[in-house]
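Residue numbers (my numbering), protein chains in the order written: chain A, 6 to 234; chain B, 998 to 1289.
Have a look at this one:
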């Protein structure tokens, strides 16, 4: 024990000669790394004209629409998610669905707010469900996919409104039924193609079923839409 | 002879695990200090590793029947309620429509690992199937009010009734000092799965035959009621006869009320529904309505 003390004293003895005054300036260089090459591409977007910004975002949204039309296993929808497309689709669908069959005694068709809430609330619930089951997809990526895949149903809504101009029953109903069924299947298939990969294989069906239910309910709202007299 | 301190420690811990297996409801302490004396097989630390990957599956195997120990504010806590596979959910649904005498749903089908996926999505599906099927003869009315009412009724039933049943059973069990009852989650789970039979029933209710509708509702009530009775009878049968029968009767009566209430609200016969004034192209719908 004594030896350690001795060596300790010797060690500290060397340092006792050093006097540290308070005003020794600290010298050196602080280098901030300029950034990896990929970061260099993201130049400041504050200086570009507004038209460029809007066009770039529109192009991104448009590219995603194309991806929904031809659902391949591409990761563009997932990687560069945005919520503009879903918002646009949701607003369009809600506008077209509202004000159906205005009848003083009845509630009429779903109002704008109701459709909006159903779509966004439904998407959030499905996303939570997928994450609780152990999915690796992020919250907003999932919202993005579910929102973009409403596009076939929005197209079906437009077609239905056109078909309804020629009457509500009989042939028009059959056409609308076929169109809505096809588009809701397409929506389910498209979103499954993007979402299913992020799930463990023995739970895929558990994640796909709520998506199926979601688009089925929206499809039902479209099918049962009848315009005001 | 004196046992060494290490031996004593290990025996104590074995006792603790046995006690836990008998009464998983008991609170557990983690004794990380004794981990050096326990063999590789037993866990010295009862804490659950909540990294959400295969670690969770391993731990839940070891801790079968024990409560998760991560806080309710963590996401992993809720993930533990969704720890099911597709095949498991399908098995549980099958078990809910085929009640066999002696087959306790909780013990046999759930095997004491309840989930919330089944009850939640069965309730959601039931809400929409009721609203859509009930709306079918008159879908010009829009289905949002139907969905709202259905959602409120079904979800209240699926949560409040299990809460009441579980609370009552736990209180009785504590008084009588019986073996452990069911956890709240297991009660919610059995109630949720028992509602499954109503989904195909509500779809078949579209067919406009009154006798068929009553037959369907009878079958559904018998099946789902049996699942509930078979599950809860073993727990109350040790109690006094009066309590046992009263409990089971209450469960059945509430279930019957739910079924009949749903039928009457969503599938009113045409004579009760006010016929609104509509545009001429809807006359065809009204004419078919009147034949219900």
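We put the CB at the ideal spot given by N, CA and C, even for glycine. Here the structure is a predicted model, which is why all the values come from computation and not from measurement.
- With a minimum length of 4 residues, the unbroken runs of alpha helix (DSSP H) contained wholly in the region 84-166 of chain A fall at 89-102, 117-137 and 144-153.
- Residue 124(A) sits close to residue 95(A), with the two beta carbons spaced by under 8 Å.
- By a beta-carbon distance limit of 8 Å, residue 154(A) does not contact residue 118(A). Their separation comes to about 22 Å.
- Exclusion of the five residues before and after residue 62(A) leaves 87 and 89 as the residues of its chain whose Cβ lies within less than 8 Å of its Cβ.
- Distance from the CA atom of residue 174(A) to the CA atom of residue 1112(B), rounded to whole angstroms, is 45 Å.
- Between residue 1224(B) and residue 1102(B), the beta carbon gap of about 5 Å places them in contact (Cβ cut-off 8 Å).
- Under the 8 Å Cβ criterion, the region 1138-1158 of chain B does not count as touching the region 1082-1095 of chain B, having fewer than three qualifying pairs.
- Buried is the label assigned to residue 131(A), since at least 16 other Cβ atoms lie within 10 Å of its Cβ.
- Take residue 146(A), set aside five residues on each side of it, and the residues of its chain with a beta-carbon closer than 7 Å to its own are 83 and 86, in chain order.
- Between residue 1256(B) and residue 1214(B), the CB-CB gap stays under 8 Å.
- Sequence-distant Cβ neighbours of residue 177(A) in its own chain, meaning closer than 6 Å and more than five residues away, are 168 and 171.
- In the DSSP annotation of this structure, the continuous segment of the alpha helix (DSSP H) that includes residue 1183(B) starts and ends at 1181-1191.
- Only 137, 138 and 139 from the region 125-156 of chain A bring a Cβ to less than 7 Å from some Cβ of chain B.
- In this structure, the beta-carbon distance from residue 1124(B) to residue 1193(B) does not fall below 8 Å.
- At a cut-off of 8 Å, the C-beta of residue 1119(B) has no neighbouring C-beta in chain A.
- Here residue 1230(B) carries a helix assignment [DSSP, helix/strand/coil].
- Leaving aside the five residues that flank residue 213(A) on each side, the residues in its chain whose CB is nearer than 8 Å to its CB run, in chain order, 193, 197, 200 and 201.
- Boundaries of the alpha helix (DSSP H) around residue 181(A): 176-200.
- Across the set 189(A), 215(A), 36(A) and 133(A), the C-alpha of 189(A) shows the shortest separation from the C-alpha of residue 159(A).
- Residue 58(A) and residue 72(A) have their C-alpha atoms spaced approximately 21 Å apart.
- If the five residues before and after residue 121(A) are omitted, its C-beta is found closer than 7 Å to the C-beta atoms of 95 and 99, all from its own chain and listed in chain order.
- For residue 181(A), the number of other beta carbons within 10 angstroms of its own is at least 16, and it is reported as buried.
- Cβ-Cβ separation between residue 1068(B) and residue 1075(B): approximately 11 Å, too far for a contact (criterion under 8 Å).
- Interface residue (Cβ-Cβ distance to chain A less than 8 Å): residue 1170(B) is not classified as such.
- In the DSSP assignment, residue 72(A) falls within the unbroken alpha helix (DSSP H) covering 55-74.
- Out of 1080(B), 1094(B) and 1081(B), the CA that lies nearest to the CA of residue 1197(B) is found in 1094(B).
- In the DSSP assignment, residue 1247(B) falls within the unbroken alpha helix (DSSP H) covering 1238-1263.
- Neighbours of residue 1125(B) across chain A, judged by C-beta separation under 9 Å: 218, 221, 222 and 225.
- Distance from the CA of residue 1116(B) to the CA of residue 137(A), rounded to the nearest whole angstrom, comes to 15 Å.
- About 14 Å separates the CB atoms of residue 1171(B) and residue 1240(B); that is not less than 8 Å, and the two are not in contact.
- Interface flag for residue 1141(B) against chain A is set, since a Cβ pair is found closer than 8 Å.
- Distance from the CA atom of residue 1251(B) to the CA atom of residue 149(A), rounded to whole angstroms, is 42 Å.
- Counted as a single uninterrupted DSSP element, the stretch harbouring residue 1204(B) is not any alpha helix (DSSP H), since DSSP gives it neither H nor E.
- Selection 1228(B), 1200(B) and 1146(B) evaluated against residue 1106(B) yields 1228(B) as nearest (Cα-Cα).
- Contact annotation: residue 1145(B) and residue 1163(B) have beta-carbon atoms that are not nearer than 8 Å.
- At a Cβ-Cβ threshold of 8 Å, residue 1178(B) and residue 1232(B) count as neighbours.
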